[in-house]
Structure formats: C-alpha cells, structure tokens
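Remarks on the structure that follows.
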Amino acid sequence: MARGIANLALEKQAQRVISLDVRGITSITDHFVFCSADTDVQVKAIADNIRKGTDHKPWRIEGYEQLNWVLLDYVDVVVHIFRTIEREYYNLESLWSDATIKKYEDEPEETPSKTAD
C-alpha cells in the first residue's frame, strides 16, 4: 500500500517522496510515507488524489483545513503531506533514522487504478 500511495502522490508532482518501513521499530504503524509540495493547493491535490486512488478510507485525517501538513492515517500506512517549509522545520524523518528508507522517483510507476495491497 505504501508504494501505491507514493505513486498517487507522484501523479500530482509531490516532491521528495519517501516511505519508511518502521515494522519492528514501533507499533504505531508499518510504514510512513512522506512527501512535500510548495503550495497549499498542491498539498490538497496530493491528499485528494491519494484519498480517491485507494480502496481504503483513512481512519483519521488531520490538517486538511489548514493544508500546511496533512496527515492521512490508514493504520498500516500513515501519510504525511507537508508544505516544503513545514517539512524542513519539523524534519520528522529524522525521528525514524533506524527505519528502512525507500525513495521514489519523480515519475509514478505503473500501478492498477486502485491500490489494494
């Protein structure tokens, strides 16, 4: 599911898309997906594309009104969509330095229309 979400973010030109495999490090979730965008309009577009492109409904959504940092909690995968300046300020990735990091390229990979895994 993390790969599918990353690809959905890339479809809307998300920047610096990574996933962290935190299984065995924390019981909060299995994966975090981080990405960023320069404007609140783009943050909204990324969040909307992820929500529409998955078969799962987020358990919780935070920050959708402000659009500086949107969190989509799918339980097994927690997605953080930041405006670039907020991502640099909070630097959440550094909290999970023991995690396995997967960086995604600027172009989405071919995926089915809905992510089910």
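Quick note: the sequence shown uses this note's numbering, first residue 71, plus one each step. Heads up, the beta-carbon is just placed ideally off N, CA and C, and yes, glycines get one too.
Through-space distance from residue j to residue i, alpha-carbon basis
{"i": "L80", "j": "D176", "result": "6 Å"}
{"i": "S183", "j": "G94", "result": "Because S183 sits at a pLDDT of 48, beneath the cut-off of 50, its placement in the model cannot be relied upon, and the point is left open."}
{"i": "F102", "j": "K114", "result": "19 Å"}
{"i": "A117", "j": "D125", "result": "14 Å"}
{"i": "G74", "j": "E132", "result": "21 Å"}
Candidates the options: closest to residue i by CA position
{"i": "D108", "options": "L141, K122, L137 and I98", "result": "L137"}
{"i": "V145", "options": "K82, Q85, N77 and T96", "result": "T96"}
{"i": "E158", "options": "I75, S106 and V148", "result": "S106"}
For residue i: DSSP bridge partner residues
{"i": "V87", "result": "Note: V87 sits in no beta bridge, so no partner."}
For this session: Report yes or no: do three or more beta-carbon pairs, one from the stretch 85-93 and one from the stretch 167-175, lie closer than 8 Å?
Result: Verdict: yes, contact present.
For this session: Within the stretch 112-156, note down every full beta strand (DSSP E) run reaching 3 residues or more, in order along the chain.
Result: Fully enclosed beta strand (DSSP E) runs of 3 or longer: 130-132, 139-143 and 147-153.
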